[in-house]
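Participant: Numbering (my numbering), first residue to last: 275 to 565.
This is the structure, below, for whatever I ask next.
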């Protein structure tokens, strides 16, 4: 009787594990399909003869940054470059942006908006047309401390550097994003499809990052803590984390190369908590890594 009960319990446990793995795979497949559709739409947009169906323009303007404390950028689909300004003004130049694209200062907020809905329909007959739209936005910001930097990205290849703010929030759809030389108090990043790279970030408090499908790399960085939810793709970190680490992975390897000593996270008297859970993929944590 005891053997039969043990077999029943073991069978129930095996069934539960199989159901859990099945649910994980189903969720990941849905995420991947959604992100693939978004990425395909972006590729079609960049290669279609969009100018026949929509009006575009080039844009150039300059604003005084004297009263600006907040930056709010809504970039629906374009390649974005954010860099240091050569003067005390906020300078913006854009090419092949929608007709209603606009930049403005209202109160203490500098804002960029596309002013039109994302292109929802691309005729298949023009996908491979030689004439295509290629929106590029270059934004130059004075080297001053801002209260907030909010960036909502649709699709594109984006390079953001030299931001100093209290609150950093980035949401991105499809494409490649690289942020570098960032100083902030706290950061919240939501990734879609594509790669996301962080280089030389100094975040006083916790970095909260959600990954979709794609690789996330964080290098030469100092954080006050990390809360990671990674979907599909590899995650790698190199730097210092002076706070708790809570990392959940779906599919892909997780690698932490920490300058911290092992005593910061290991043992009964550790300073911080370390909780790394990978779904499908390995996890590696190395300590005392040289910068």
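Note that the Cβ used here is the ideal one computed from N, Cα and C, for glycine as well.
Pull up the DSSP beta-bridge partners for residue 522, would you.
Facilitator: 503, 551
Participant: Would you say residue 502 and residue 515 are within 8 Å of each other, going by their C-beta atoms?
Facilitator: no
Participant: Spatial neighbours of residue 436 within its chain, please: C-beta separation below 6 Å, excluding the five flanking residues on both sides.
Facilitator: 358, 455
Participant: According to DSSP, is residue 368 helix, strand or coil?
Facilitator: strand
Participant: Taking C-alpha atoms, which residue in 364, 466, 520, 472 lies nearest to residue 412?
Facilitator: 364
Participant: I'd like to know whether the C-beta atoms of residue 387 and residue 376 end up nearer to each other than 8 Å.
Facilitator: yes
Participant: Name the two residues that bound the continuous beta strand (DSSP E) containing residue 470.
Facilitator: 470-477
Participant: Out of 511, 499, 510, 513, which has the shortest C-alpha to C-alpha gap to residue 519?
Facilitator: 499
Participant: Using a threshold of 8 Å, state whether the C-beta atoms of residue 526 and residue 509 are closer than that.
Facilitator: yes
Participant: Helix, strand or coil: which one does DSSP assign to residue 486?
Facilitator: Residue state, collapsed to three classes: coil.
Participant: Whole angstroms are fine: how far does the CA of residue 422 sit from the CA of residue 350?
Facilitator: 20 Å
Participant: With residue 471 and residue 451 assumed to form a contact (beta carbons below 8 Å), what rounded beta-carbon distance in angstroms separates them?
Facilitator: 7 Å
Participant: According to DSSP, is residue 537 helix, strand or coil?
Facilitator: helix
Participant: Go ahead and label residue 360 buried or exposed: buried means 16 or more other beta carbons lie within 10 angstroms of its beta carbon, across all protein chains shown.
Facilitator: By the 10 Å Cβ count, residue 360 comes out exposed.
Participant: Considering residue 350, what are the terminal residues of the beta strand (DSSP E) in which it resides?
Facilitator: Start and end: 344-351.
Participant: May I have the straight-line CA-CA distance separating residue 480 from residue 329, to the nearest angstrom?
Facilitator: 42 Å
Participant: Output needed for residue 559: all residues of its chain with C-beta closer than 6 Å, excluding positions within five of it in sequence on either side, in chain order.
Facilitator: 530
Participant: Do residue 335 and residue 366 have their C-beta atoms closer together than 8 Å?
Facilitator: yes
Participant: Using DSSP bridges, identify the partner residues of residue 445.
Facilitator: 426, 464
Participant: For residue 564, count the other beta carbons within 10 Å of its own beta carbon; 16 or more makes it buried, fewer makes it exposed. Which is it?
Facilitator: exposed
Participant: Go ahead and pull the three-state DSSP assignment for residue 418.
Facilitator: coil
Participant: Check whether chain B comes within 8 Å of residue 458, counting only Cβ atoms and requiring the distance to be less than that.
Facilitator: Any reference to chain B falls outside this structure, which holds one protein chain only.
Participant: Out of 352, 535, 557, state which residue places its alpha-carbon closest to the alpha-carbon of residue 369.
Facilitator: 352
Participant: How big is the Cα-Cα spacing for residue 348 and residue 426?
Facilitator: 5 Å
Participant: Look at the alpha carbon of residue 488 and the alpha carbon of residue 507, and state the distance between them as a whole number of angstroms.
Facilitator: 5 Å
Participant: Work out the CA separation of residue 459 and residue 478 for me, nearest whole Å.
Facilitator: Spanning the two alpha carbons is a distance of roughly 5 Å.
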